[in-house]
Amino acid sequence: MYDILIIGAGVSGTAIARELARYEASICVVERCEDVCCGTSKANSAIVHAGFDARTGSLMARLNVEGSRMIPQLARELDFPYRNNGSLVLCMSEEDLPALHSLYERGRNNGVTGLRLLSREEILALEPNVREDVTAGMEAATGGIVCPFGMNVAFAENAAENGVEFRFGAAVTGFQRTADGWRVLTDNGPLEARIVVNAAGVYAGELHNMVSERKLRVIPRRGEYYLLDHAAGGFVGHTIFQLPGQNGKGVLVTPTVHGNLLVGPNACGVDTLESVNTTAAGLEEVRQKAENIVRNLPLGQVITSFAGLRAHEEGHEFIIGEAEDAPGFIDCAGIESPGLSSAPAIGKMVAEMVRDKLLLSQRKGFKATRKGILNPAALSFEERQKLVARDSAYGHVVCRCEGITEGEILDAIRRPLGARSLDGVKRRVRAGMGRCQGGFCTPRVMEILASELGIPMEEVTKCGGRSRMLAGVNKDGYAEGDGHGAV
Numbered sequence: 000m001y002d003i004l005i006i007g008a009g010v011s012g013t014a015i016a017r018e019l020a021r022y023e024a025s026i027c028v029v030e031r032c033e034d035v036c037c038g039t040s041k042a043n044s045a046i047v048h049a050g051f052d053a054r055t056g057s058l059m060a061r062l063n064v065e066g067s068r069m070i071p072q073l074a075r076e077l078d079f080p081y082r083n084n085g086s087l088v089l090c091m092s093e094e095d096l097p098a099l100h101s102l103y104e105r106g107r108n109n110g111v112t113g114l115r116l117l118s119r120e121e122i123l124a125l126e127p128n129v130r131e132d133v134t135a136g137m138e139a140a141t142g143g144i145v146c147p148f149g150m151n152v153a154f155a156e157n158a159a160e161n162g163v164e165f166r167f168g169a170a171v172t173g174f175q176r177t178a179d180g181w182r183v184l185t186d187n188g189p190l191e192a193r194i195v196v197n198a199a200g201v202y203a204g205e206l207h208n209m210v211s212e213r214k215l216r217v218i219p220r221r222g223e224y225y226l227l228d229h230a231a232g233g234f235v236g237h238t239i240f241q242l243p244g245q246n247g248k249g250v251l252v253t254p255t256v257h258g259n260l261l262v263g264p265n266a267c268g269v270d271t272l273e274s275v276n277t278t279a280a281g282l283e284e285v286r287q288k289a290e291n292i293v294r295n296l297p298l299g300q301v302i303t304s305f306a307g308l309r310a311h312e313e314g315h316e317f318i319i320g321e322a323e324d325a326p327g328f329i330d331c332a333g334i335e336s337p338g339l340s341s342a343p344a345i346g347k348m349v350a351e352m353v354r355d356k357l358l359l360s361q362r363k364g365f366k367a368t369r370k371g372i373l374n375p376a377a378l379s380f381e382e383r384q385k386l387v388a389r390d391s392a393y394g395h396v397v398c399r400c401e402g403i404t405e406g407e408i409l410d411a412i413r414r415p416l417g418a419r420s421l422d423g424v425k426r427r428v429r430a431g432m433g434r435c436q437g438g439f440c441t442p443r444v445m446e447i448l449a450s451e452l453g454i455p456m457e458e459v460t461k462c463g464g465r466s467r468m469l470a471g472v473n474k475d476g477y478a479e480g481d482g483h484g485a486v
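Sequential numbering from 0 applies to the sequence shown in numbering that gives the first Met the number 0.
Below you can see the structure in the form of structure tokens.
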């Protein structure tokens with residue numbers, strides 16, 4: 000019996016967990032996948048939006064501005080990558096100038112600071128790869144970029160260090176009212192709690208509708224992206240947006256905190272909650288729309304493409320609060336863009352709701368800081384020499400594309416809520432994220448995982464469940480029928 004059960008270990012759920020860890024309460028996060036950051040939070044634009052786009056007066060606008068202001072400090076406290084690179088919104092025709100001015104005024108009304116309108120010449124001086132026929136634009140100095148995996152993992156690890164329990168591989172299948180709150184049915188056994196927080200991303204609507212007669216419609220929208228190599232990372236310095244349209248902020252072109260270039264997304268309604276495949280038509284749409292705002296886009300440097308789902312609420316608003324006809328069931332639904340930027344403020348808002356409902360008291364000894372995985376590349380040559388002398392694993396480079404050492408991979412596995420799969424390692428230290436997309440380092444990462452987890456190689460998975468990397472191996476770890484060649 001927990002005081003609080005949070006459904007979903009994405010960025011919203013873990014931000015809520017971390018904030019609730021400040022109070023005297025038993026807290027559990029239940030997640031259907033094998034790790035944190037396996038849903039919407041793992042495949043997005045990685046943008047810290049300034050807050051000029053959301054409708055003035057909306058909850059989305061308020062939490063976006065508040066959350067984006069919190070992230071720089073959180074990045075220092077929790078040691079995850081963040082960069083304040085600023086955003087540019089481009090106007091490509093005289094006819095759209097009123098819309099640009101309207102966006103500027105909306106941003107000011109939302110409380111966004113550091114906004115300024117720019118001429119064509121000012122834009123091209125800042126970003127030479129913008130199309131020369133640009134008419135005008137707006138700069139948002141407070142815009143930024145972040146590592147979405149790093150932020151999500153940091154929230155989760157800090158919550159775990161402060162006593163929050165995590166249960167993975169447990170999909171919620173139903174709810175029953177009890178005298179003390181809720182019995183939550185999962186495919187890995189039932190759990191009970193006084194309060195349930197529904198932070199289940201694209202599944203939040205389905206879960207809400209299991210307990211409430213006031214139905215909620217969350218529509219999955221797929222967005223497709225190109226990720227380009229480090230060689231293209233300096234193509235733009237700002238995050239470059241088009242003027243927002245009916246389906247959102249449109250295709251953007253942005254650097255990433257790790258030195259890549261990201262292009263996308265489009266917006267396509269899909270029928271299922273698992274439609275994260277890319278399509279030729281969708282990627283072509285992304286290319287065409289990106290080339291409407293920049294020129295000489297270096298798509299020859301693409302190293303991968305991917306897609307993610309956004310949890311679009313039909314009213315395009317965050318739905319946060321207790322369900323009217325389901326006391327003790329708190330929704331955190333419709334968290335689409337700018338959900339990543341808003342996550343810290345969402346965490347604070349929901350935690351305060353639960354605190355007031357359960358009359359929770361402040362917990363002594365809350366640890367507000369967390370140290371991330373050591374990056375040897377950030378050290379001086381002398382410091383690296385000393386590190387390798389202490390621990391030779393930091394002298395063994397496993398992922399050549401990203402320069403990731405065995406020491407970093409071991410840290411990723413051994414930490415609180417450590418990696419249990421190739422994707423878990425990839426999200427934490429980027430082994431497999433580079434130009435060869437794991438073609439070189441995957442076998443060695445698998446060996447390390449198998450050794451650290453105490454499992455045979457054939458049980459190592461890509462992303463948990465049945466996603467095993469090897470089939471048909473013998474007891475010695477070699478492919479059957481393949482002589483003695485290592486797999």
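Here a beta-carbon is modelled for each residue, glycine too, at the ideal position from N, C-alpha and C.
Exposure label - residue i; buried when at least 16 CB within 10 Å
i	result
isoleucine 454	exposed
lysine 41	buried
histidine 237	buried
glycine 482	At glycine 482, the pLDDT of 44 sits below 50, so the modelled position is not reliable and the matter cannot be decided from this model.
proline 97	exposed
proline 147	buried
serine 67	buried
methionine 432	buried
threonine 13	buried
glutamate 138	buried
histidine 63	Histidine is not the amino acid found at residue 63; the sequence shown has asparagine there. Buried.
methionine 0	exposed
phenylalanine 380	exposed
leucine 77	buried
alanine 388	exposed
proline 337	buried
lysine 425	buried
arginine 107	exposed
glutamate 273	exposed
Same chain only: Cβ atoms within 8 Å of residue i, ignoring 5 sequence neighbours per side
i	result
glycine 307	Thr39, Lys41, Ala42, Asn43, Arg221, Gly222, Tyr224, Pro264, Val275
glutamine 241	Val88, Leu89, Met91, Lys248, Gly249, Val250, Leu251, Lys288, Asn291, Ile292
leucine 123	Val129, Glu131, Val133
arginine 413	Glu451
valine 285	Glu223, Tyr224, Tyr225, Val250, Val262, Gly263, Pro264, Asn265
Start and end residues, beta strand (DSSP E) containing residue i
i	result
tyrosine 202	Element bounds for tyrosine 202: n/a, residue is neither H nor E.
serine 304	301-312
valine 88	86-90
leucine 508	Outside the shown range of the chain (0 to 486) lies residue 508, about which nothing can therefore be said.
arginine 220	217-227
phenylalanine 165	164-167
valine 129	Counting along the chain, valine 129 falls outside any beta strand (DSSP E), and DSSP gives it neither H nor E.
glutamate 502	With the chain covering 0 to 486 only, the question about residue 502 has no answer from this structure.
Extent of the continuous alpha helix (DSSP H) run through residue i
i	result
valine 262	Premise fails: valine 262 lies in the beta strand (DSSP E), 260-263, not in any alpha helix (DSSP H).
proline 80	Where proline 80 is concerned, there is no enclosing alpha helix (DSSP H), given that its DSSP letter is neither H nor E.
valine 459	Element bounds for valine 459: n/a, residue is neither H nor E.
valine 10	10-19
arginine 414	Element bounds for arginine 414: n/a, residue is neither H nor E.
serine 340	338-357
glycine 453	Looking at the DSSP string, glycine 453 is not in any alpha helix (DSSP H), and its letter there is neither H nor E.
leucine 386	380-389
valine 424	421-428
tyrosine 103	96-108
methionine 150	147-160
Presumed contact (8 Å Cβ cut-off) between residue i and residue j, rounded CB distance
i	j	result
alanine 470	valine 459	The pair is not a contact, with the Cβ atoms about 12 Å apart (cut-off 8 Å).
glycine 113	alanine 140	3 Å
isoleucine 447	isoleucine 403	That belief does not hold up - the Cβ atoms of isoleucine 447 and isoleucine 403 are roughly 11 Å apart, past 8 Å.
methionine 150	valine 10	6 Å
leucine 378	phenylalanine 165	No, leucine 378 and phenylalanine 165 are not in contact; Cβ-Cβ is about 31 Å, not under 8 Å.
isoleucine 239	glutamate 126	7 Å
Own chain partners of residue i with C-beta closer than 7 Å, once the 5 adjacent residues on each side are dropped
i	result
arginine 383	Pro375
alanine 135	Cys90, Leu96, Leu99, Leu116, Leu117, Ser118, Arg119
arginine 17	Phe154, Asn157, Ala158, Gly346
glutamine 436	Ile302, Thr303
threonine 172	Leu184, Thr185, Asp186
Contacting residues, own chain, Cβ-Cβ under 6 Å from residue i (five flanking each side not counted)
i	result
valine 301	Tyr225, Leu227
glycine 484	Because glycine 484 sits at a pLDDT of 41, beneath the cut-off of 50, its placement in the model cannot be relied upon, and the following sentence gives the value as read from the coordinates. For glycine 484, where only same-chain residues beyond five positions count, there are no Cβ hits under 6 Å.
glutamate 335	Arg309, Ala310, His311
arginine 467	Thr460
Residue i beta carbon near the ligand FMN (any heavy atom closer than 7 Å)
i	result
leucine 226	The ligand FMN is not part of the structure shown, which contains no ligands of any sort.
> Are three or more beta carbon pairs between the stretch 3-15 and the stretch 326-339 nearer than 8 Å?
Replying inline: Touching, per the Cβ criterion.
> Hey, is the stretch 336-346 in contact with the stretch 68-77, meaning 3+ C-beta pairs nearer than 8 Å?
Replying inline: Segments in contact, yes.
>> Does the contact criterion of 3 or more C-beta pairs under 8 Å hold for the stretch 20-33 versus the stretch 52-70?
In response: The stretch 20-33, when compared against the stretch 52-70, does not touch it at the 8 Å Cβ threshold.
> Does the count of Cβ pairs from the stretch 154-169 and the stretch 350-367 closer than 8 Å reach three?
Replying inline: By the Cβ criterion, the stretch 154-169 is in contact with the stretch 350-367, since at least three pairs of Cβ atoms, one from each stretch, lie closer than 8 Å.
> Can we say the stretch 17-25 touches the stretch 118-132, given the rule of at least three CB pairs closer than 8 Å?
Replying inline: No contact exists between the stretch 17-25 and the stretch 118-132.
> Is it a yes or a no for the stretch 307-324 touching the stretch 209-219, going by three-plus beta-carbon pairs under 8 Å?
Replying inline: Touching, yes.
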